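In case it helps, our numbering puts the first sequence at residues 9 to 750.
Here's the structure, in structure tokens; my notes come after.
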Amino acid sequence: MLDILSDLNEPQRRAVAHRDGPLLVLAGAGSGKTRVITRRVVHLIAGGVAPQNILALTFTNKAAGEMSERIAALGTPRGATIGTFHALCARLLREFATEAQLDAGYSIYDRDDQLRLMRQALEAAGLKGGRLTPSVAHARISNAKNELKTPTEVSAEAASFGDEQVAEAYAAYQRLLRDNNALDFDDLLLKTALLLRDRPELRRLLGERYRYVLIDEYQDTNHAQYIIAHGIALHHENICATGDPDQSIYAWRGANVRNILEFEADYPNATVVRLEENYRSTRAILAAASQLISHNRRRKHKDLWTSRTGGADVRVVHCDTGRAEAQAVAERIEAAARRGLDYGDMAVFYRVNSLSRVLEETLFRASIPYRVARGVEFFNRREVKDLLAYMKLLVNPADDLSCRRIINTPTRGIGHTTLSRLTARAGATGVSLLEAAAQAESDDLGAAAAKRVRGFAEMMHALAGNLNHSVREIAEDVYRRSGIAEALSAEDEERRQQRANVEEVINTAAEFDELAGGTLSDYLYQVSLVSDLDHFEGTGGAVTLMTLHAAKGLEFPAVFVVGCEDGLLPFRRDFGPSDAGESDVEEERRLTFVGMTRAKDELTLSCARRRRMRGQNKPCAASCFLSELGAEGVRIEDLTTPQRPLNVRHRGGFFSGEVARGAQTAADEERMIIEAMADEEAEQPPPEYQYLGPGCRVQHPKFGFGTVMHLQRRWPDTRAEIVFDDVGPKKIVLRHVELELL
DNA sequence: CCCTTACCTTTTTTT
DNA sequence: AAGGTAAGGG
Numbered sequence: 009m010l011d012i013l014s015d016l017n018e019p020q021r022r023a024v025a026h027r028d029g030p031l032l033v034l035a036g037a038g039s040g041k042t043r044v045i046t047r048r049v050v051h052l053i054a055g056g057v058a059p060q061n062i063l064a065l066t067f068t069n070k071a072a073g074e075m076s077e078r079i080a081a082l083g084t085p086r087g088a089t090i091g092t093f094h095a096l097c098a099r100l101l102r103e104f105a106t107e108a109q110l111d112a113g114y115s116i117y118d119r120d121d122q123l124r125l126m127r128q129a130l131e132a133a134g135l136k137g138g139r140l141t142p143s144v145a146h147a148r149i150s151n152a153k154n155e156l157k158t159p160t161e162v163s164a165e166a167a168s169f170g171d172e173q174v175a176e177a178y179a180a181y182q183r184l185l186r187d188n189n190a191l192d193f194d195d196l197l198l199k200t201a202l203l204l205r206d207r208p209e210l211r212r213l214l215g216e217r218y219r220y221v222l223i224d225e226y227q228d229t230n231h232a233q234y235i236i237a238h239g240i241a242l243h244h245e246n247i248c249a250t251g252d253p254d255q256s257i258y259a260w261r262g263a264n265v266r267n268i269l270e271f272e273a274d275y276p277n278a279t280v281v282r283l284e285e286n287y288r289s290t291r292a293i294l295a296a297a298s299q300l301i302s303h304n305r306r307r308k309h310k311d312l313w314t315s316r317t318g319g320a321d322v323r324v325v326h327c328d329t330g331r332a333e334a335q336a337v338a339e340r341i342e343a344a345a346r347r348g349l350d351y352g353d354m355a356v357f358y359r360v361n362s363l364s365r366v367l368e369e370t371l372f373r374a375s376i377p378y379r380v381a382r383g384v385e386f387f388n389r390r391e392v393k394d395l396l397a398y399m400k401l402l403v404n405p406a407d408d409l410s411c412r413r414i415i416n417t418p419t420r421g422i423g424h425t426t427l428s429r430l431t432a433r434a435g436a437t438g439v440s441l442l443e444a445a446a447q448a449e450s451d452d453l454g455a456a457a458a459k460r461v462r463g464f465a466e467m468m469h470a471l472a473g474n475l476n477h478s479v480r481e482i483a484e485d486v487y488r489r490s491g492i493a494e495a496l497s498a499e500d501e502e503r504r505q506q507r508a509n510v511e512e513v514i515n516t517a518a519e520f521d522e523l524a525g526g527t528l529s530d531y532l533y534q535v536s537l538v539s540d541l542d543h544f545e546g547t548g549g550a551v552t553l554m555t556l557h558a559a560k561g562l563e564f565p566a567v568f569v570v571g572c573e574d575g576l577l578p579f580r581r582d583f584g585p586s587d588a589g590e591s592d593v594e595e596e597r598r599l600t601f602v603g604m605t606r607a608k609d610e611l612t613l614s615c616a617r618r619r620r621m622r623g624q625n626k627p628c629a630a631s632c633f634l635s636e637l638g639a640e641g642v643r644i645e646d647l648t649t650p651q652r653p654l655n656v657r658h659r660g661g662f663f664s665g666e667v668a669r670g671a672q673t674a675a676d677e678e679r680m681i682i683e684a685m686a687d688e689e690a691e692q693p694p695p696e697y698q699y700l701g702p703g704c705r706v707q708h709p710k711f712g713f714g715t716v717m718h719l720q721r722r723w724p725d726t727r728a729e730i731v732f733d734d735v736g737p738k739k740i741v742l743r744h745v746e747l748e749l750l
């Protein structure tokens, strides 16, 4: 017991030793928060609390996994519930399905599914093609759900025609979810929150089950999560919230910083512990980060301090282009490696995932090992989603969305016409698509089509006969009998990759059988709530590339924050005037703060003067954040080259005048040519374009060998006219084919 | 019905 | 740049 407390500082010790009653731990960046939470759990158990009575809620599965591991490492018996809000809710909703008026086997829709469904909802509500786009509608509805608002309430509060449309879309969307027997992420929280809000007996039951509630990253909880946590803790008030208002970076998805700011108002007798000693970063890093965050006006003052001395200055590097920036980062990484730093000790953070590409290319060329942490890349692969859709449909025959996805995947001759007829039939008789498929008749669809449709239904029926098998067996069964296996059997590179992905799904199923165990629907829930990030292990010997958001909670000896440019780091979507949601500069500043405070020893921030974004090369101004770091302990390195005027009017070869297309005057033309040349020099076009032009010999996968006659460089659909030795002249869209240059 | 081609939309971060 | 969708030809 003493061991647990001995290596803690005084406030940490108070937080760990606190037992009953509300506790708020305001933990500054790097102040040992995780350590406090895990110790606290251990301390509770050592003090006689049964592990089963402890509920620890985290924000990501990864954080939950880490916490379990650390607790186990301290030799504590397992049995505590440690997981994300969403996972807890999925579990509770299964347990209390009746109370929540849910059918067993409900599907959980991921973002992709949600947007698909939203598209349908907008269509059903007669709002298709209007100003309300699916993603905007989805965001608005998501926020409403997080505030526990029903469509009726949204409608009642509507202040404009646009709001009214959102309410209508919301109603239609919920109807569709219900028809599909599905929940989206927000529903998981919403339904659970409503249960807890409206059912005293459930509050009591769960309060007795979870006698100690711990919530990590409390600054990132939304209203629904607030209701859930407080509902469970209502009677015993054994609620421990940890977090840092300066690290609140999820307001955009409904997180409410007020939850943490008003904890003391919620619980007047709360014990408050402040952790302000930073054990992670050098003095320079901490000073720069503190300087930055001090520019936030809506903020409680806080002093982070460290007893560390020494360490290098924070570096701010200005570059010409995004590519040059990546190059500079690569060079610094190499230099650090030569100094003896492990690649795994370095990380590069960026605001948007799309920035990873230049970095990847550059690191790859420099032979620097790296790994990219991406959100849901794997589970979003088409072939992966297809396989999972089969399994979802098996568990939940009402899941029309999944059914629609796979009814003709792989192709089995059920086309658009047949599908819409079938949909009409299902709608008219009020049955699911799958059921309509099973009952398909010749006079509706034509004999051949009806037969194919029934064949699909029969296959699903047959697969459903094996639901009592292990999940791995079911997955393999689906893989083979659905025809996916055959469709992917060809030996080209793409199929090979897809096969590998599908096999990886089967592996996760096998792993599930071994480790967790449970029904197919258990497996599907787990898969739905997991992201690639969760499996992202500490990268042995490779540089980590991730978004600033994903970086939260991690630390690295050396950190690079790239893309510190106005509009990108204080991110702004400068689109038309109709823009409703102004971006929150203070949240962007907190995000930068989070990134900076991940660094232990070395921190480099960088920006580019020009960057290629969304297909266009645009000039960029340095982020205002860079000038907010203060001057002390910050070293600025300017790698930009002075812009010299170019006296060139014409240039043959690659551009062959195409760049000046649309020029109205000679001055226009000159300007465009100069810009294009500057772009090309900066960007180093990839080799396949650099040398491809008239006279080149190429090999086409289908048409064989040929000679390029003409290159029409018209982005994005650059075309080449090629005379093939065997089949004669063809126009090829380069985007659609991989030409081999000989 | 399927494949190819032309056009168009993109709104960042994540459970 | 890249993906999706809608329309057209086979």
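Just so you know, even glycine gets a beta-carbon here, dropped at the ideal spot from N, CA and C.
Given the structure is predicted, the values throughout are model-derived calculations rather than measurements.
Beta-carbon within less than 7 Å of residue i's beta-carbon, same chain only, minus the 5 sequence neighbours each way: which residues are those?
i	result
V642	A296, D321, V322, V324
V403	G113, L528, S529, L532
D311	E284
H51	I12, V24, A25
F193	H94
E596	L577, P578, F579
Taking the straight line between their C-alpha atoms, what separation do you get for residue i and residue j?
i	j	result
G56	S410	48 Å
P578	S364	18 Å
Y234	A108	19 Å
D574	M468	53 Å
G138	S115	29 Å
A23	Y258	26 Å
V3	I293	Since the first residue shown for the chain is 9 and the last is 750, residue 3 is missing from the structure and cannot be characterised.
Q173	A145	9 Å
A446	E466	7 Å
E519	L613	40 Å
G435	D121	20 Å
N304	E594	6 Å
Looking only at its chain, what residues have a beta carbon closer than 8 Å to the beta carbon of residue i, apart from the 5 residues adjacent to it on each side?
i	result
N416	I422, G423, L427
V44	L16, Q20, A23, V24, V33, A35, T250, L283
G3	Residue 3 is absent from the model: the chain starts at 9 and stops at 750.
With burial defined as no fewer than 16 other Cβ atoms inside 10 Å of the residue's Cβ, what is the status of residue i: buried or exposed?
i	result
G87	exposed
G589	Here the model assigns G589 a pLDDT of 46, short of 50, so the residue's position is not dependable and the matter cannot be decided.
Q505	exposed
G525	exposed
F271	buried
G348	exposed
E610	buried
P253	buried
Would you mind stating whether residue i and residue j have Cβ atoms separated by less than 8 Å?
i	j	result
Y398	V486	yes
L123	S143	yes
N230	A273	no
A129	L196	no
V380	E368	yes
N755	A232	Within the shown structure, residues of the chain are numbered from 9 to 750, placing residue 755 beyond reach of any answer.
A338	C327	no
L204	G239	yes
I149	Y117	no
V567	R606	yes
Between residue i and the rest of its own chain, which residues show a CB-CB distance below 6 Å, the 5 nearest in sequence each way excluded?
i	result
K393	none
S478	D521
S450	A458
R619	G330, C628
G665	With a pLDDT of 35 at G665, under the threshold of 50, the modelled position of this residue cannot be trusted, and the question is left open.
L214	I240
Checklist entry - Which whole runs of the alpha helix (DSSP H) in the stretch 487-545 are 4 residues long or more, in chain order? => result 492-495, 501-523, 528-536
Next on the checklist: Ignoring anything shorter than 3 residues, give me the beta strand (DSSP E) runs that lie fully in the stretch 32-63, in order along the chain.
Outcome noted: none
Next on the checklist: Threshold first: 3 residues or longer. Then list the beta strand (DSSP E) segments lying entirely within the stretch 216-266, N to C.
Outcome noted: Runs of the beta strand (DSSP E) lying entirely within the stretch 216-266, each at least 3 residues long, are 220-223, 247-251 in chain order.
Item to check | Continuous alpha helix (DSSP H) assignments of at least 4 residues falling wholly in the stretch 409-456 | outcome: 424-437, 441-446, 450-453
Next on the checklist: Restricting to runs no shorter than 4 residues, where is the alpha helix (DSSP H) found entirely within the stretch 318-392?
Outcome noted: 330-346, 364-373
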